[in-house]
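Undergrad:
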Amino acid sequence: MSRQYEKLVKCYEYYQSVTDFSPRVGLILGSGLGNYARNMKVVCEIPYGDIPGFPVSTVEGHDGRFLLGYIGMVPVAVMKGRVHYYEGYSIEDVVLPVRLMKMMGIEKLFLTNASGGINRKFHEGDFMMITDQISSFVPSPLIGENVSELGTRFPDMTHIYDVELMGLIRNVAQEEQIQIQEGVYVQTTGPNFESPAEIRMFAAIGADAVGMSTACEAIAARHAGVRVCGISCISNMACGITGEELSHLDVQAVADRRSEEFERLVTCIIEKM
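According to UniProt numbering, the sequence shown holds residues 1 to 273 in order.
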């Protein structure tokens, strides 16, 4: 058993000692969704710090606990707070929560985040369904010894974001009369915001939005056979687009302003999964 997989098994053994709940959908809450628990029936909470060897977020505004329960009739595992590569964790630790949710039983993973808009047709506060991603600016979570218990050495990434789930998101957004953009998400390491030159480069290679999470989590999920979908809240226009300086507080403020509609969209989507 690899060191990485042994650590994962110990996390899962702790989970089993706390609850026998078996979720079908995993949801990772990004900025603006910190109060999402009010949309679900919570049956169990597990603080990350209670799980042996589990990474704990150090970012202000990111709580750190699993919420287990139901959204509608769907059993879910909700991550209230995620860890990021820029916090100093290895990329394997950053995706450990996704792999743990796979062991819990999830078949689908819903990723959310706040991101910077690169596409000049976007506006601050827009929602963007992620149709594809660029992860070349962060290490792959699959580097090193392959965890064969989770997936194959060379997993296909043709459809990282599930076509059927993207169709579901489009339909729900239309039904709820919530406007939603579509585009490619690029992940950088952070924690600094990108330079104007970097944003021009990302635009040239086809990126519509940029952030500091999500893409590595999607890769780990697909490696493990989990179906993935994702939505970004465009909390600011990326550096150099408007000429204004960026701050994390401004990002959080816009995400919070759109939180109620974001929650409604996410809830309606999961209820139909």
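We put the CB at the ideal spot given by N, CA and C, even for glycine. Computed from a prediction, not measured in an experiment: that's the story for all the values here.
When DSSP builds the beta bridges, which residues end up paired with Ser115?
TA: Along the sequence shown, read from residue 1 onward, the residue named residue 115 stands at position 115. DSSP output for Ser115 lists Ile234 as bridge partner(s).
Undergrad: Taking the alpha carbon of Val25 as the point to measure from, which residue in Gly53, Tyr12, Leu68 has its own alpha carbon closest?
TA: Against the sequence shown, residue 25 aligns to sequence position 25. Comparing Cα positions, the closest option is Leu68.
Undergrad: Are the region 190-203 and the region 223-241 touching by the rule of at least three beta carbon pairs closer than 8 Å?
TA: Counting Cβ pairs under 8 Å, three or more are found: they touch.
Undergrad: Is Arg82 helix, strand or coil by DSSP?
TA: Mapped onto the sequence shown, residue 82 falls at position 82. Coil.
Undergrad: Comparing alpha-carbon positions, which option in Lys272, Val18, His248, Ile28 lies nearest Leu96?
TA: Translated into positions along the sequence shown, residue 96 becomes position 96. It is Ile28 whose Cα lies nearest to the Cα of Leu96.
Undergrad: Quick one: what does DSSP say Pro23 is sitting in, helix, strand or coil?
TA: The residue you call residue 23 lines up with position 23 of the sequence shown. The answer is coil: DSSP assigns Pro23 none of H, G, I, E or B.
Undergrad: Taking DSSP's pairing of strands, which residues face Glu45 in a bridge?
TA: In the sequence shown, counting from the first residue as 1, residue 45 sits at position 45. Leu67.
Undergrad: Can you tell me whether DSSP reads Met201 as helix, strand or coil?
TA: Numbered from its first residue, the sequence shown carries residue 201 at position 201. Met201 falls in the helix class under three-state DSSP.
Undergrad: Does DSSP put Ile30 in a helix, a strand or coil?
TA: Taking the first residue of the sequence shown as 1, we reach residue 30 at position 30. Checking the sequence shown, residue 30 turns out to be Gly, not Ile. The answer is coil: DSSP assigns Gly30 none of H, G, I, E or B.
Undergrad: Please state the DSSP three-state secondary structure of Glu176.
TA: Position 176 of the sequence shown, counting from 1, holds the residue named residue 176. Looking at Glu176 - three-state DSSP - the assignment turns out to be coil, as it is neither helix nor strand.
Undergrad: Secondary structure at Glu145, three-state DSSP: helix, strand or coil?
TA: As a first step, residue 145 is located in the sequence shown; it is residue number 145 there, counting from the start. Residue state, collapsed to three classes: coil.
Undergrad: Residue range of the alpha helix (DSSP H) that Asp256 falls in?
TA: Translated into positions along the sequence shown, residue 256 becomes position 256. Here the alpha helix (DSSP H) through Asp256 covers 248-257.
Undergrad: Quick check: what's the CA-CA separation for Ala204 versus Tyr185?
TA: Here the question's residue 204 lines up with position 204 in the sequence shown. Here the question's residue 185 lines up with position 185 in the sequence shown. Near 13 Å, if we compare the C-alpha coordinates of Tyr185 and Ala204.
Undergrad: Please list the terminal residues of the continuous alpha helix (DSSP H) segment that includes Asp132.
TA: The residue given as residue 132 occupies position 132 in the sequence shown. Note, Asp132: premise wrong, no alpha helix (DSSP H); beta strand (DSSP E) at 127-134.
Undergrad: Counting beta carbon pairs with one atom in the region 167-175 and one in the region 71-81, are three or more of them shorter than 8 Å?
TA: The region 71-81 vs the region 167-175: no contact.
Undergrad: Name the two residues that bound the continuous beta strand (DSSP E) containing Tyr36.
TA: Here residue 36 is taken as the residue at index 36 of the sequence shown, counted from 1. Per DSSP, Tyr36 belongs to no beta strand (DSSP E) and is neither H nor E.
Undergrad: Can you give the beta carbon distance from Ile270 to Ile71, rounded, assuming they're within the 8 Å contact cut?
TA: Mapped onto the sequence shown, residue 270 falls at position 270. Mapped onto the sequence shown, residue 71 falls at position 71. Sure, about 5 Å apart at Cβ, within 8 Å.
Undergrad: In this structure, does DSSP put Lys272 in helix, strand or coil?
TA: Mapped onto the sequence shown, residue 272 falls at position 272. Looking at Lys272 - three-state DSSP - the assignment turns out to be coil, as it is neither helix nor strand.
Undergrad: Rounded to the nearest angstrom, what separates Leu100 and Val226 at their Cα positions?
TA: Position 100 of the sequence shown, counted from the first residue, corresponds to residue 100. Position 226 of the sequence shown, counted from the first residue, corresponds to residue 226. In a straight line, the C-alpha of Leu100 is about 12 Å away from that of Val226.
Undergrad: Might you give, ordered along the chain, the residues of its own chain that have their beta carbon closer than 8 Å to the beta carbon of Tyr89, omitting 5 neighbours on each side?
TA: Along the sequence shown, one-based indexing puts residue 89 at 89. Excluding residues within five positions, the ones whose Cβ falls inside 8 Å are Pro55, Val83.
Undergrad: Once you ignore the five residues that flank Val43 on each side, which residues in its own chain have a CB closer than 7 Å to its CB?
TA: Counting from 1 along the sequence shown, the entry for residue 43 is found at position 43. The answer, listed in chain order, is Phe21, Leu68, Gly69.
Undergrad: Here's a check: name, in chain order, each residue in its chain whose Cβ is nearer than 6 Å to the Cβ of Glu13, leaving out the five neighbours to either side.
TA: Mapped onto the sequence shown, residue 13 falls at position 13. Contacts found: none.
Undergrad: Can you tell which of Asn146, Cys233, Ile169, Ala215 has its C-alpha closest to the C-alpha of Val98?
TA: Position 98 of the sequence shown, counted from the first residue, corresponds to residue 98. The shortest Cα separation from Val98 among Asn146, Cys233, Ile169, Ala215 belongs to Ala215.
Undergrad: Once you ignore the five residues that flank Gln252 on each side, which residues in its own chain have a CB closer than 8 Å to its CB?
TA: The count along the sequence shown starts at 1 and reaches residue 252 at position 252. Hits under 8 Å: Ser31, Gly32, Gly61, Ala114, Ser235.
Undergrad: Is the Cβ-Cβ distance between Ala209 and Gly183 less than 7 Å?
TA: Here residue 209 is taken as the residue at index 209 of the sequence shown, counted from 1. Here residue 183 is taken as the residue at index 183 of the sequence shown, counted from 1. Yes, the Cβ-Cβ distance between Ala209 and Gly183 is below 7 Å.
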